[in-house]
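See below for the structure under consideration.
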Amino acid sequence: IIGLWSWIPSKRPWLIYQKQWGTLYDRPVCGDFDGDRLRDFGVYRNFTGDWFVMPYRVSSFVITFRWGRPTDFPVAGDYDGDGFSN
Numbered sequence: 001i002i003g004l005w006s007w008i009p010s011k012r013p014w015l016i017y018q019k020q021w022g023t024l025y026d027r028p029v030c031g032d033f034d035g036d037r038l039r040d041f042g043v044y045r046n047f048t049g050d051w052f053v054m055p056y057r058v059s060s061f062v063i064t065f066r067w068g069r070p071t072d073f074p075v076a077g078d079y080d081g082d083g084f085s086n
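When you line the sequence shown up against this note's numbering, it's residues 1 to 86, in that order.
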């Protein structure tokens, strides 16, 4: 299946979660994009420069923004120390 994420929570290692998110050509990016100290799911669409972020606590809401060029490689991180990944 294309775009299927799998993860095991550290506090419940006997569970395996899965969620479909993204397409074949998207690159996965994880980071705390909303400042709640939880990793959010994100994908970078390398042929458009678009980012799609699904906050961990609100999976029905998607943050979308365009930043970058098709030749860029996405690296999420808190570069300015404000508690958010940019």
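C-beta atoms are modelled at their ideal positions from N, C-alpha and C, and glycine is treated no differently.
Rounded separation between residue i and residue j - CA only
i: Tyr79; j: Phe47; result: 24 angstroms
i: Ile1; j: Phe65; result: The predicted model places Ile1 with a pLDDT of 44, which falls under 50 and marks its position as unreliable; any figure quoted below should be read in that light. Straight-line Cα distance between these residues: approximately 25 angstroms.
i: Arg69; j: Gly49; result: 5 angstroms
i: Tyr56; j: Tyr17; result: 12 angstroms
i: Phe33; j: Val53; result: 8 angstroms
i: Trp14; j: Pro74; result: 31 angstroms
Boundaries (first-last residue) of the beta strand (DSSP E) holding residue i
i: Trp21; result: Element bounds for Trp21: n/a, residue is neither H nor E.
i: Val58; result: No beta strand (DSSP E) contains Val58, which DSSP labels as neither H nor E.
For residue j and residue i, believed in contact at Cβ under 8 angstroms, the rounded distance
i: Thr23; j: Gly42; result: Their Cβ separation, rounded to whole angstroms, is 13 angstroms, which puts Thr23 and Gly42 out of contact at 8 angstroms.
i: Arg39; j: Gly31; result: 7 angstroms
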